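Colleague:
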Amino acid sequence: MVSLSSLGNSDFMQNKYVQSGFMVLLTIVLTKFISVLLGSRSSKNLPPVVSAWPIIGGLLRFMKGPVVLLKEEYPKLGSVFTIKLLTKKVTFFIGPEVSQHFFKAPEADLSQQEVYQFNVPTFGPGVVFDVDYSIRQEQFRFFTEALRVNKLKSYVDQMVYEAESYFSKWGEEGVVDLKYELEHLIILTASRCLLGREVRDQLFEDVSSLFHDLDSGMLPISVILPYLPIPAHRKRDRARKKLAEIFTKIIHSRKQSGNNEADMLQSFIESKYKDGRPTTEVEVTGLLIAALFAGQHTSSITSTWTGAYLLSHQKYLSSVIEEQKDVMKRHGDKIDHDILAEMDILYRSIKEALRLHPPLIVLLRSNHRDFSVTDRNGKEYAIPKGHIVATSPAFSNRLPYVFKNPDIYDPDRYAPGREEDKIAGAFSYISFGGGRHGCLGEPFAYLQIKAIWSHLLRNFELELISPFPAIDWNAMVVGVKDKVMVRYKRRALSVDQ
Ligand code: HEM
1 MVSLSSLGNS
11 DFMQNKYVQS
21 GFMVLLTIVL
31 TKFISVLLGS
41 RSSKNLPPVV
51 SAWPIIGGLL
61 RFMKGPVVLL
71 KEEYPKLGSV
81 FTIKLLTKKV
91 TFFIGPEVSQ
101 HFFKAPEADL
111 SQQEVYQFNV
121 PTFGPGVVFD
131 VDYSIRQEQF
141 RFFTEALRVN
151 KLKSYVDQMV
161 YEAESYFSKW
171 GEEGVVDLKY
181 ELEHLIILTA
191 SRCLLGREVR
201 DQLFEDVSSL
211 FHDLDSGMLP
221 ISVILPYLPI
231 PAHRKRDRAR
241 KKLAEIFTKI
251 IHSRKQSGNN
261 EADMLQSFIE
271 SKYKDGRPTT
281 EVEVTGLLIA
291 ALFAGQHTSS
301 ITSTWTGAYL
311 LSHQKYLSSV
321 IEEQKDVMKR
331 HGDKIDHDIL
341 AEMDILYRSI
351 KEALRLHPPL
361 IVLLRSNHRD
371 FSVTDRNGKE
381 YAIPKGHIVA
391 TSPAFSNRLP
401 YVFKNPDIYD
411 PDRYAPGREE
421 DKIAGAFSYI
431 SFGGGRHGCL
441 GEPFAYLQIK
451 AIWSHLLRNF
461 ELELISPFPA
471 IDWNAMVVGV
481 KDKVMVRYKR
491 RALSVDQ
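Per our numbering, residue 1 is the first one in the sequence shown, and the count goes up by one each step.
1) Per DSSP, which residues does Met485 bridge with? Please list them.
2) Just curious, the alpha helix (DSSP H) that Glu270 is in, first and last residue?
3) Give me, in chain order, the residues of the same chain whose beta-carbon lies closer than 8 Å to that of Leu86; leave out the 5 immediate sequence neighbours on both sides.
4) Work out the CA separation of Ser466 and Leu110 for me, nearest whole Å.
5) Sort Lys329, Ser267 and Tyr409 by Cα distance to Gly307 and report the nearest one.
6) Taking the C-alpha atoms as reference points, what is the distance between Tyr401 and Val80?
7) Just the C-alpha distance for Asp132 and Arg418, rounded to the nearest angstrom, thanks.
8) Can you have a look at Arg490 and say buried or exposed, based on whether 16 or more other CB atoms are within 10 angstroms of its CB?
9) Going by CA-CA distance only, name the one from Ile449, Met485, Val484 and Gly438 that's closest to Phe102.
10) Would you tell me roughly how many angstroms separate the C-alpha atoms of Glu245 and His252, rounded to the nearest one?
11) Using the beta-carbon count (16 or more within 10 Å), is Met63 buried or exposed?
12) Taking only the alpha-carbon atoms, compute the straight-line gap between Val160 and Asp421 and give it to the nearest angstrom.
13) Hey, could you find the ends of the alpha helix (DSSP H) Asn459 is sitting in?
14) Cβ of Gln113 within 8 Å of any heavy atom in the ligand HEM?
15) Exposed or buried, what is Gln112 when buried is set at 16 or more other beta-carbons lying within 10 Å of its beta-carbon?
16) Is it buried or exposed, Phe468, if we count other Cβ atoms within 10 angstroms and call 16 or more buried?
17) Out of Arg141, His337 and Ala390, which one is the CA nearest neighbour of Leu360?
18) Should the segment 189-205 be called in touch with the segment 152-159, which here means at least 3 C-beta pairs below 8 Å?
19) Between the Cα of Lys153 and those of Tyr446, His184, Glu461 and Val484, spot the shortest distance and give me the residue it belongs to.
20) Please determine whether the Cβ atom of Ile135 lies at a distance below 8 Å from any heavy atom of the ligand SAH.
21) Just how far apart, CA to CA, sit Gly441 and Pro47?
22) If you measure from the CB of Leu364, is any heavy atom of the ligand HEM nearer than 8 Å?
23) Count the other C-beta atoms from every protein chain shown that fall within 10 angstroms of the C-beta of Ala394, then say buried if there are 16 or more, exposed otherwise.
24) What are the boundary residues of the beta strand (DSSP E) that Thr87 is part of?
25) I need the straight-line Cα distance from Lys481 to Thr302, nearest angstrom please.
26) Hey, Thr280 and Met218: beta-carbon distance below 9 Å or not?
27) Given the structure, does Thr516 come close to the ligand HEM, in the sense that its CB is under 8 Å from one of the ligand's heavy atoms?
28) Could you tell me how far apart the beta carbons of Glu162 and Thr189 are, in whole angstroms, since I believe they sit closer than 8 Å?
29) For Ala390, write down the residues that DSSP places opposite it in a beta bridge.
30) According to DSSP, Glu380 sits in a beta bridge with which residue or residues?
31) DSSP has Phe81 in a bridge; who is on the other side?
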């Protein structure tokens, strides 16, 4: 028997089941809808990802060369995109708008320590990437102090001396490989200005060969596995130890004799941390090695490219020669820091060679915090914590919306009225990085390269007799691949010529 009330009751019950079933369904649908909405928004905000085969595909593409990858992907994916390298995600920031985040972010957000760890066995313990940021900042203060104008002035005298004595060994005329010659001259100059008189005058051969072993221990594999027990790493470690012994002796003898030299070694010996602690011998050695690694190949490569471009662009060669005559009219043969500072055309010629060929082609940071960047079209991207963030001087320096005809050597693009390096913003020209970790050796590098080229232009007629050199993309510090054969003839540039 079915009572009205029971009928009514069962209808009610049925309705209740239907209603609650409906509510459950609605909740599920709504939850799904919201999660899809949210999910799609956050994945929409993530940078696009380079398409590649799973697991090793990204790595294989990256290994073809980062600049090749950027050339292929930037036109498709824009100025912010991610590539998966095994377990790591590397997000590139290309162009002044987005790379300002790269250069200006505080160390707590984007840090160098993890990504540049591979330098630790080369530089040694207790310095740079082996210490936390507060100590590293103090050590970079030591660099800043060692490279102040008053110090640079005495380094310039030594640079000029080294250039004069090196080129005095060239004959009246002949043929040389400019790349080889400039590499050697820069080692000598760096030894004198940075490592000090003792090394330059007495220990040059020993120390250069130890630096050579350190250099040869910095291989692409060292970036991923810096302590892998391979012969090159063992040689590196032995050389590092030997260098520490040599510098410890030199430092002791300087301290005992009270001798005070005008070089970076002396400056590091006298440096003190905020709490008054002086630097140790091991730290001084490590800082000197870091300085040489930062400055030697970069400067010799740049001086070689400068020569290759000037000698293959008669118009600019004539301009720099005219400038030398102008400077000589005012100062005669003398060259010092302030006179080098007057050589604007030479400066722009070096700067342009360095725009086209920055030796450090990719810069890296490790991201510790979720943040977002906005590209120049106003599109915002979420950059998750854990990504490696990268930028590329070699690619960014040739963006056509920043530099007109970017593949053309045109030093005048920096001249008053054009200043293409400034128009699109502070991080348009990034051969020396910029912002928080901008190169501390930039003035030193320009002075050194100007001192060399000023001497060459004044004293030799030069002709490039080999084809324009190719780029050595395989080197850790990307440089000149081929020999740069130059025919020279001695001359004395005169102001009335
Ligand atoms: C043409 C020559 C040079 C080029 C192209 C160059 C390039 C660079 C670049 C791109 C950075 C930034 C790295 C980054 O952001 O991850 C840098 C940093 C640095 N460079 Fe240079 N460099 C040159 C010469 C020198 C010289 C001669 C010295 C010292 C004698 C030097 C010392 C340093 C130091 C200490 C830093 C680290 C600054 C910091 O992290 O706060 N560099 N350099």
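In this text, a Cβ means the ideal position worked out from N, Cα and C, and glycines have one as well.
No experiment lies behind these values; they were computed from the predicted model shown.
Modeller: On the basis of the coordinates in this document:
1) Asp177
2) Per DSSP, Glu270 belongs to the alpha helix (DSSP H) from Met264 to Glu270.
3) Ile55, Ile56, Gly58 and Leu59
4) 44 Å
5) Tyr409
6) 16 Å
7) 42 Å
8) By the 16-neighbour rule on beta-carbons within 10 angstroms, Arg490 is exposed.
9) Gly438
10) 11 Å
11) Exposed, by the Cβ-count rule.
12) 29 Å
13) Glu442 to Asn459
14) no
15) Around the CB of Gln112, 16 or more other CB atoms lie within 10 Å, so the residue is classed as buried.
16) exposed
17) Answer by Cα proximity: Ala390.
18) yes
19) Tyr446
20) Of the ligands one can find in the structure shown, namely the ligand HEM, none is the ligand SAH.
21) 34 Å
22) yes
23) buried
24) For Thr87, there is no enclosing beta strand (DSSP E), as DSSP marks it with neither H nor E.
25) 13 Å
26) No, the pair does not count as a contact, with Cβ atoms beyond the cut-off.
27) The requested residue 516 does not occur in the structure, where the chain is confined to residues 1 to 497.
28) 4 Å
29) Phe92 and Leu364
30) Thr374
31) Phe92
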